[in-house]
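Visitor: Residue numbers (UniProt numbering), protein chains in the order written: chain X, 1 to 285; chain Y, 1 to 321. Beta carbons are placed, not taken as given, at the ideal position from N, Cα and C, and that holds for glycine. If you're wondering where the values come from, they're calculated on a predicted model, not measured in any experiment. Mind having a look at this structure? Questions to follow.
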């Protein structure tokens, strides 16, 4: 099957910073891709390029369309939630549903109302009377009722409490995602999405520094719990990172033979956040 | 077509207060003020025996009966103007509403980032801009005309009923007035207004789509600053720049053309110059449509459309969210 997004040589320069530096990647359908990077790394710029919200250099193909020249058509197949609380403050729940239902050819009104029935939102409620969490519930209900091929989420749960955050991703997985859909998500709350991701992309200073699916990541990276007496040996294998816990050292290795590591101590699969921190070391220095 | 309908509807959801309630409330306030004025007049007249125009009020009826044909025509025209006066007040309020609506139309949703929601839907930017133009210079004026006509009729009835207490037959007065002519003038002027307002709407929406902040300041400062520079050169006598022409044909047109009736300015000046008695004929559709024969309104409309095209471009590519 064709890739949903194909980028080659993607660059974007703002006045004096290079937000994207000759980036190339492919996203196949049926994946949930986490685009993860420190602040100002170029995540949002990459998403904006995919959504046709900004101009750029290089080649970019989204669902067979060029987001620069065919944006209106593209948006029938692509949905996005850019940041929390971008719904207009004056709109009522009823008006938002009416509007999207009449504008979007792939919107399923019944589905949207079914989602909303599970929340406390009422048809006459205005967005300005809602909490941040409720706004996201409304936005998610609107978006999930649209049968789109690609869903882009840019920090969709920023500032929400843990109940809303968990519910958000649970709804996405249970009621929305299937093998025909693709989700690209950026967030700083890596721990919360790590178990739903199928692919991982780390971005730093406009470059993609890691692009892997989760299985390959488990094979390539390993975290080893090493006793103090073996620490020197472990260091010779050039670990990415080292930290101390209860008198033991935890080393993070990239591409070292698993058999070799077993001799050092207990092997674990590293968490995405530990891997992220190790990869991004020195970003803000 | 369906998309455009819902886009315009959205504008009215958002701006219900300015587009619907502002003219309705202005009309009601106008009527209330008139009722208060009439009551004051009646009460004072009754208490102090003040006479209108040196006549005892019973004499008004007799005086009216003795008017010749030319004078009765004047009475009718005065009643027409009374009917129009309500529309005038509502139009002024409406012009302010449209001015600030246009300034905010492509800026407010960038500022509060809700543009990101609208842009997540399959809507062409040209449709978005077009829907806002339609709301501002077509649908909103229709509402204003409806409010103006209803208030005008109420005004007319108010005056005739008051005078009927003084022995003047209501029907005599009503037949002197030309309410249908006034109505056709107001309704027929809507297309002229649309063309006339385009340069201002275009300029304000261009600023609204382009400005990073403070669109009001940009929209006003740019034309005024240019005008000041031209006037300054004029003052020095160094250049043959006609500052008066600039102020009325450029600065005035990009800032003030949302005020209805501006197109009457030239025709009115000519008519009144010929014969001051013509004031009653101003409210005839022909004087409105006479403006269509001048190149001014058409050049302005073309410039307005060009600026709207610029606004569409900025709406598509302005990247500051």
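Under 7 Å, CB to CB, which of the residues in the region 53-73 of chain X have a partner in chain B?
Guide: Protein chains X and Y are contained in the structure displayed, whereas chain B is not.
Visitor: Which chain Y residues are close to residue 104/X, counting only those with a beta carbon under 8 Å from its beta carbon?
Guide: Result: 121, 122.
Visitor: If residue 173/Y sits next to residue 79/Y, beta carbons under 8 Å apart, how far is it from one beta carbon to the other, in whole angstroms?
Guide: About 7 Å; that satisfies the 8 Å criterion.
Visitor: So which residues of chain Y does residue 357/X contact, with C-beta pairs closer than 7 Å?
Guide: Chain X is shown only over 1 to 285; residue 357/X falls outside these bounds and no answer can be derived.
Visitor: Would residue 130/X pass as an interface residue toward chain Y - the criterion being a Cβ-Cβ separation below 8 Å?
Guide: For residue 130/X, the answer is no, since every Cβ of chain Y falls outside 8 Å of its Cβ.
Visitor: Quick check: is the beta carbon of residue 14/Y nearer than 8 Å to any beta carbon in chain X?
Guide: Yes, its Cβ sits closer than 8 Å to a Cβ of chain X.
Visitor: What residues match up with residue 201/X in a beta bridge as DSSP calls it?
Guide: Residue 201/X is bridged to 35/X, 211/X.
Visitor: Give a yes or no on whether 8 Å exceeds the smallest Cβ distance from residue 10/Y to chain X.
Guide: Output row for residue 10/Y: interface = yes.
Visitor: Going by the CB atoms, is the gap between residue 8/Y and residue 147/Y shorter than 8 Å?
Guide: Cβ distance not < 8 Å, so residue 147/Y and residue 8/Y don't count as in contact.
Visitor: Under 8 Å, Cβ to Cβ, is there at least one residue of chain Y near residue 99/X?
Guide: Taking Cβ atoms only, chain Y reaches closer than 8 Å to residue 99/X, which makes this a yes.
Visitor: Drop a sphere of 10 angstroms on the beta-carbon of residue 55/Y, count the other beta-carbons inside from all chains shown, and report buried for 16 or more, exposed for fewer.
Guide: Note on residue 55/Y: pLDDT 49, under 50, position unreliable in the model; the coordinate value appears next. So residue 55/Y ends up on the exposed side.
Visitor: Which stretch, first to last residue, makes up the alpha helix (DSSP H) that contains residue 246/Y?
Guide: Taken as a continuous stretch (DSSP letters only), the alpha helix (DSSP H) holding residue 246/Y covers 243-246.
Visitor: Could you give the residue range of the alpha helix (DSSP H) that holds residue 2/Y?
Guide: Counting along the chain, the alpha helix (DSSP H) containing residue 2/Y begins and ends at 2-14.
Visitor: Under 8 Å: do the region 144-156 of chain X and the region 97-115 of chain X share three or more Cβ pairs, one atom per stretch?
Guide: At 8 Å Cβ cutoff, the stretches touch.
Visitor: With distance defined between alpha-carbon atoms, name the residue in 317/Y, 311/Y, 318/Y nearest to residue 131/Y.
Guide: Checking every option, the nearest Cα to that of residue 131/Y belongs to 311/Y.
Visitor: Quick one: grab the DSSP three-state call for residue 83/X.
Guide: Three-state result, residue 83/X: coil.
Visitor: Could you list which residues in chain Y have their beta carbon closer than 7 Å to that of residue 95/X, in chain order?
Guide: By Cβ distance, chain Y contributes 13.
Visitor: Which ranges does the alpha helix (DSSP H) cover as unbroken runs of at least 4 residues, wholly within the region 213-280 of chain X, from first to last along the chain?
Guide: Taking only runs of at least 4 residues, the alpha helix (DSSP H) segments lying wholly in the region 213-280 of chain X are 214-220, 231-236, 258-262, 272-279.
Visitor: Which residues bound the alpha helix (DSSP H) around residue 162/Y?
Guide: 140-164 is the extent of the alpha helix (DSSP H) around residue 162/Y.
Visitor: Are the region 111-131 of chain X and the region 74-82 of chain X touching by the rule of at least three beta carbon pairs closer than 8 Å?
Guide: No, because fewer than three Cβ pairs between the region 111-131 of chain X and the region 74-82 of chain X fall closer than 8 Å, the two stretches do not touch.
Visitor: Is it buried or exposed, residue 168/Y, if we count other Cβ atoms within 10 angstroms and call 16 or more buried?
Guide: With 16 or more Cβ atoms within 10 Å of its Cβ, residue 168/Y is classed as buried.
Visitor: Under 6 Å Cβ to Cβ from residue 202/Y, same chain only, skipping five residues before and after it: list those, please.
Guide: Taken in chain order, the residues that qualify are 304, 307, 308.
Visitor: So, at 6 Å on beta carbons, what are the nonlocal neighbours of residue 38/X in its own chain, with the 5 sequence-adjacent residues on each side left out?
Guide: Here the set comprises 280, 283.
Visitor: Okay, do the region 111-123 of chain X and the region 136-155 of chain Y touch, 3+ Cβ pairs below 8 Å being the bar?
Guide: No, they do not touch.
Visitor: Residue range of the alpha helix (DSSP H) that residue 204/Y falls in?
Guide: It spans 179-210 - the alpha helix (DSSP H) in which residue 204/Y sits, taken as one unbroken run.
Visitor: Is residue 112/X close to chain Y? Criterion is C-beta to C-beta, closer than 8 Å.
Guide: Output row for residue 112/X: interface = no.
Visitor: Kindly say whether residue 82/X, judged by its beta-carbon, lies nearer than 8 Å to any beta-carbon of chain Y.
Guide: Yes, its Cβ sits closer than 8 Å to a Cβ of chain Y.
Visitor: Which of the three DSSP states is assigned to residue 151/X in this structure?
Guide: Looking at residue 151/X - three-state DSSP - the assignment turns out to be strand.
Visitor: Is there a C-beta anywhere in chain X that falls below 8 Å from the one on residue 6/Y?
Guide: Residue 6/Y counts as touching chain X.
Visitor: Is the CB of residue 317/Y under 8 Å away from at least one CB in chain X?
Guide: With 8 Å as the cut-off, residue 317/Y counts as an interface residue toward chain X.
Visitor: If you compare alpha carbons, which of 98/X, 5/X, 36/X, 93/X is closest to residue 52/X?
Guide: Ranking the options by Cα distance to residue 52/X, first place goes to 5/X.
Visitor: State the DSSP-derived secondary structure class of residue 51/X, mapped to helix, strand or coil.
Guide: Residue 51/X: coil per DSSP, three-state reduction.
Visitor: Under DSSP, the alpha helix (DSSP H) around residue 96/Y begins and ends at which residues?
Guide: Note, residue 96/Y: alpha helix (DSSP H), 69-105.
Visitor: Using the Cα positions of residue 65/X and residue 30/X, report the straight-line distance between them to the nearest angstrom.
Guide: Each residue's Cα considered, the two are about 18 Å apart.
Visitor: Can you look up residue 175/X in the DSSP assignment and give me helix, strand or coil?
Guide: Three-state result, residue 175/X: helix.
Visitor: Is residue 262/Y buried or exposed, if buried means 16 or more other CB atoms sit within 10 Å of its CB?
Guide: By the neighbour-count rule (16 or more Cβ atoms within 10 Å), residue 262/Y is buried.
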